[in-house]
Structures are given as C-alpha cells and as structure tokens.
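Novice: Structure provided below as structure tokens; questions to follow.
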Amino acid sequence: MSQSTTSELSQPGPFARMLNRWGLPAPLFLGYVGLLLFMIGDGVESAFIAPFMADNGAGTDIRASHVITVYGVAVMLASWLSGALSELWGPRRVMLAGLVIWVVFDALFLAVAVAGESYPLMILFYGLRGFGYPMFAFGFLVWITAVAPVARLGAAVGWFYFAFTGGLPTLGALVANFTNPVLGHYGTLWLSIGILGLGGLVCLLGVRERTGRERLAPPEVKPVQSLVSSLSIAWKKPRVGVGMIVRVINTAPEFGILVFFPTIFISEIGFGESRWLLLVSVIFGTNIFFNLIFGVLSDKIGWRTTITYFGAIGCAISILLLYFVPVYAGAEYYWLALLVGALYGATLAGFVPISALLPSLAPENKGGAMALLNFGAGAATFAGPAVVSLFLGPFGGAGVVIIFAALYIMAAILTRFLKLPEETEQAIEKDSTLQQAGEKVAVT
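Heads up: the sequence shown begins at 37 in the working numbering, then just goes up one per residue.
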C-alpha cells in the first residue's frame, strides 16, 4: 500500500471513518459511485437486448444468442486481461482503456450495425464492445483488493457488487422501463452511452488514491511473464483454479436466463415487457442489498460457509422456483413471480465472498488470483448463453433451468475444497482484532 493511502486511512475525517466502519474503503468512494453509473449504462439493455437484436438484424432469438455468446467470449478474455494488465499498467489505466472501448464500439454497433440491420457487423461491433466493461469494472475490483484491509475485504467486495449489480441490470432495467415508452429501444440504447460515460468520468477523475495509478507488479516482472503467471496459478495453486470454476457457475445462469426468459415471461406467460422489466429490477434490486448483507456476514461466519449454503445451495433451489412457479401459476399470480425473483436475487449474493476468498488463497500472488477470478467472471458471460444455445432447442426452457440448478449443486461441492491456508486465517484474525481496536479508539 502506498504512503498516500496509508495516510488517508490512518487519519480519516468523520465521513471517511463512517465509510471505513461500513467496510467501504474511503479513498475509493467516488470509484464506487462512478462504477454504479457505469453499470447502469451497461445494464439498460440487459432485459431486452436479445429480442431487440432479433428484430433488427439477427432474425431469431437463437441467432441473437450467438451474438451474445461472441460478446461473452470477449468479456471472458477481457476479464482475465483486466487482472493481468492491472499488475503491469495499474488498475486506473486498464479502466480508462475499458471505458474507451465500450463507448467507441457501442456507438458503432448502434450507428452502423443496427441502423443497417447487418448481422455480421452486429457480431463484430457488439463482440468487440465486450472487451470494455470487464476492463473497467474488474480493473476497479483489483484496485479494491489492493487497498482494502484483509479483515474487511468481504465487505469491500460486497460494496463492489452493490454498485455492480445495482447498475447491471437492476437500475439499468428500471431506467429502460421508463425510457423505452418515450425514446423507444433504439433511443434508450443511445442514452445508455451517456450514462455510462458519465460514470466512467466520475470514477477516473474523482478517485485520487495513488495505488491504482501505479504498476502493482514488481519492476522485474516482464509482460509475458505476468500474463503466463496469471494463468499458471490455476495448476500451481489448484484451489484457485477450483475457485475460478465456482465463479463461472456463480453468474453463468444469470446471464443465461436473460437470453431466453424475456420471450417466455413476456409472451408465453403473458407478463408483457413492463412487468418483465419490473421483475428484473426486483430480482437484482434485492440482490444489491444482499450483496452488502452477505459481504459483512461472511467476514463473521466465514467466506466458504456463506458461499456454500447461502449462495450455491440457495441458488439451486431459487432458480428452479423462478422458472417453474410463474410458468405453472400464470400471469394472474404475478406477485408470486416477484417473490421467487427476490429469493433468487438474494441467494445470488451469497457468492459475493468468492472475490475475497480467491486472492486470499494465494496471498503471495494476489494479482494472478484476481486475474483468474476475473477470467471466471467473464467466462460466465460466455458460458450462460452458450448453455442456452446448446440446450434450449432440444430440452426447452425447463431443461436449461434444471441444468443451471445442477451446476449450482456442483459449485456447493467444489466450495468445500477452498480452505484458506492457516497463516492466512491467522492474518485475517489479527487484522480483524486491530480493526476493532482502531474503531474503539476512534469512537473514544
């Protein structure tokens, strides 16, 4: 940690002390605000982009899912690069690159591919845009893990996902619910670029903390060596590799259901677009608050325990309910859909501590562990739509949802192998004691 960061944390003002008590690193506060706005802009499209593509060049939902799958591959690669490059360039520079990529290629997607109803250009520009948000968002996550005290890392990561899912898709879907009737889908997508750009500027210009502006890797580490190290840690530290698989399973179903649920819930069940968008907002609105709850709770009851029972097993149950309850109850029991949607959003948050657990499994190479973690997060964006592309045709929506539930059960089993090294557990206990003592002194 740099001297400037140490100074900021050791002599905080009243507002900074309050933020630190809540587990939010005070020097990064505006970064969290900017991330929220950035992800709102990214999340505006989340509940309608597949049918929009189908109507504007893709032709069918399956062809639209192919575009989203290509996008997911780019997200997967960029998520890995966000961790590896943050080691070499510093997180802030990686975030700037992500912002520029997203804005440029989204503008080309709308102005050229969609306007011309060109399916090949849709794949090209939307796919390249996929390099944008992971470099911005997960670059900031690396910044957080470099600054936050280890005893409060679960809470700091919880705040990250509060902002992340607060925008994508929660508030993003809510914005779309209000703007679609006024601006139409196409106008709403242009609006999203402005919201996202504002968030990027707030984050990059507002955060003065120095650690993220500097290279994190030692000077002697070369670019190729850093990139290879960020992959080789998967077999040098097998538990980190297992944790990456758990991270893939965490959100793969989330991205998968957003591909085919809109058609089922809007048309087949009969909710209509407005009530579908409200359901999405309820799911992820619940999620953002439980990200905080489980982030703080996990620092007390254990990261593995939280992931296994609240996250993996909870999601296996809730995703089945999210599909089968509305399908069998019908449109007249919309309130039941809202209840099971809120349950799914809450249990998704049970996976939040994975972002604290993985770098703690390899404390001597946190950057490499974070690169692999981010790779898993990006792979989820690809894996979820890929499962839909492969199995929606032969097995239908019910079969795909059952596959997702089985993956969550697998995640519960795998998480039991992610035991922290004894010295890391001792360091966390010592750090927690020091944090509590510092809070008592500050209050006195």
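Glycine included, C-beta positions come from ideal geometry on N, C-alpha and C.
Small disclaimer: the values here were computed from a predicted structure and weren't measured.
Given that a residue counts as buried once 16 or more other Cβ atoms are within 10 Å of its Cβ, and exposed if not, what is Met-406?
Specialist: Taking the first residue of the sequence shown as position 1, residue 406 is located at position 370. With 16 or more other Cβ atoms within 10 Å, it is buried.
Novice: Taking just the CA atoms, how far does Leu-73 sit from Gly-194?
Specialist: Along the sequence shown, one-based indexing puts residue 194 at 158. Along the sequence shown, one-based indexing puts residue 73 at 37. Distance between the alpha carbons of Gly-194 and Leu-73: 17 Å.
Novice: For Val-218, is the classification buried or exposed, using 16 other Cβ atoms within 10 angstroms of its Cβ as the cut-off for buried?
Specialist: As a position in the sequence shown, residue 218 is number 182, starting the count at 1. Val-218 should be labelled exposed.
Novice: With DSSP collapsed to three states, give me the class of Pro-50.
Specialist: Residue mapping note: residue 50 aligns to position 14 of the sequence shown, counting from 1. It is helical.
Novice: Just the Cα atoms here: how many angstroms apart are Gly-230 and Gly-70?
Specialist: Indexing the sequence shown from 1 puts residue 230 at position 194. Indexing the sequence shown from 1 puts residue 70 at position 34. Computed Cα separation, rounded: 13 Å.
Novice: To the nearest angstrom, how far is it from the Cα of Val-148 to the Cα of Pro-156?
Specialist: As a first step, residue 148 is located in the sequence shown; it is residue number 112 there, counting from the start. As a first step, residue 156 is located in the sequence shown; it is residue number 120 there, counting from the start. Looking at the two C-alpha atoms, the distance is approximately 11 Å.
Novice: With a CB to CB cut of under 6 Å and the five nearest residues on each side skipped, what residues in its chain are close to Thr-417?
Specialist: Mapped onto the sequence shown, residue 417 falls at position 381. Gly-108, Val-111 and Phe-291, listed in sequence order.
Novice: Grouping DSSP H, G and I as helix and E and B as strand, with all else coil, what is Gly-242?
Specialist: Within the sequence shown, residue 242 is the residue found at index 206, counting from 1. Gly-242: helix per DSSP, three-state reduction.
Novice: What residues in its chain sit with their C-beta under 6 Å from that of Phe-161, if we drop five residues either side in the sequence?
Specialist: Start at 1 with the first residue of the sequence shown, and residue 161 comes out as number 125. Within the same chain, Phe-161 has close Cβ partners Phe-141, Leu-144, Phe-145 and Ala-149.
Novice: Out of Ala-199, Trp-179 and Cys-351, which has the shortest C-alpha to C-alpha gap to Glu-250?
Specialist: Taking the sequence shown and counting its residues from 1, the one referred to as residue 250 is at position 214. Nearest to Glu-250 by C-alpha distance, out of Ala-199, Trp-179 and Cys-351, is Trp-179.
Novice: For the pair the segment 343-356 and the segment 294-306, tell me if three or more CB-CB distances fall below 8 Å.
Specialist: no
Novice: Between the alpha carbons of Phe-84 and Ala-182, how many angstroms are there, rounded?
Specialist: Counting from one through the sequence shown, the residue named residue 84 turns up at place 48. Counting from one through the sequence shown, the residue named residue 182 turns up at place 146. Phe-84 and Ala-182: Cα-Cα distance of roughly 36 Å.
Novice: So, at 8 Å on beta carbons, what are the nonlocal neighbours of Phe-214 in its own chain, with the 5 sequence-adjacent residues on each side left out?
Specialist: For the purposes of this step, residue 214 is taken as residue 178 along the sequence shown, with counting starting at 1. Closer than 8 Å at Cβ, skipping near neighbours: no residue.
Novice: Can you tell me whether Ile-445 is helix, strand or coil according to DSSP?
Specialist: One-based indexing of the sequence shown puts residue 445 at position 409. Helix.
Novice: Here's the rule I'm using: 16 or more other beta-carbon atoms within 10 Å means buried, otherwise exposed. How should Tyr-380 be labelled?
Specialist: In the sequence shown, counting from the first residue as 1, residue 380 sits at position 344. Classification for Tyr-380: buried.
Novice: Can you determine whether any heavy atom of the ligand ADP sits closer than 8 Å to the C-beta of Gly-67, and answer yes or no?
Specialist: The model depicted lacks the ligand ADP and carries no ligand whatsoever.
Novice: Let's see if you can read the secondary structure: which residues bound the alpha helix (DSSP H) around Val-103?
Specialist: One-based indexing of the sequence shown puts residue 103 at position 67. Looking at the DSSP string, the run of the alpha helix (DSSP H) that includes Val-103 is 97-125.
Novice: Distance check for Gly-77 and Gly-208, CA to CA, integer angstroms please.
Specialist: The sequence position of residue 208 within the sequence shown is 172, counting from 1. The sequence position of residue 77 within the sequence shown is 41, counting from 1. Their Cα atoms are separated by approximately 6 Å.
Novice: If you run the structure through DSSP and keep just helix, strand and coil, what is Val-388?
Specialist: To locate residue 388, count along the sequence shown from 1; it is residue 352. In this structure, Val-388 counts as coil in the three-state DSSP scheme.
Novice: How would you label Lys-402, buried or exposed, when you count the other beta carbons within 10 angstroms and need 16 or more for buried?
Specialist: Position 366 of the sequence shown holds residue 402. Counting Cβ neighbours within 10 Å, Lys-402 comes out buried, since at least 16 surround it.
Novice: Measuring CB to CB, does Trp-125 end up less than 9 Å from Leu-267?
Specialist: As a working mapping, residue 125 is identified with position 89 in the sequence shown. As a working mapping, residue 267 is identified with position 231 in the sequence shown. No, these two residues do not count as a Cβ contact at 9 Å.
Novice: At 4 residues or longer, what runs of the alpha helix (DSSP H) sit wholly inside the segment 283-329?
Specialist: none
Novice: In whole angstroms, give me the CA-to-CA distance for Gly-432 and Ala-90.
Specialist: Position 396 of the sequence shown, counted from the start, is the residue given in the question as residue 432. Position 54 of the sequence shown, counted from the start, is the residue given in the question as residue 90. Each residue's alpha carbon lies about 19 Å from the other.
Novice: With a 10 Å radius around its C-beta and 16 neighbouring C-beta atoms as the bar for buried, classify Thr-344 as buried or exposed.
Specialist: For this step, residue 344 is matched to residue 308 along the sequence shown. With 16 or more Cβ atoms within 10 Å of its Cβ, Thr-344 is classed as buried.
Novice: Output the boundary residues of the alpha helix (DSSP H) element that contains Trp-179.
Specialist: By one-based count along the sequence shown, residue 179 stands at place 143. 168-183 is the span of the alpha helix (DSSP H), which, as asked, contains Trp-179.
Novice: Kindly give me the distance between the Cβ atoms of Leu-333 and Thr-342, rounded to whole angstroms, as I take these residues to be in contact under 8 Å.
Specialist: Within the sequence shown, residue 333 is the residue found at index 297, counting from 1. Within the sequence shown, residue 342 is the residue found at index 306, counting from 1. Right, their Cβ atoms sit about 6 Å apart.
Novice: Sorted by chain position, which residues of the same chain lie with C-beta nearer than 7 Å to Leu-210's C-beta, five sequence neighbours on each side aside?
Specialist: As a first step, residue 210 must be located in the sequence shown, where it is residue number 174. Counting only Cβ-Cβ distances below 7 Å, and skipping sequence neighbours, we find Ser-317.
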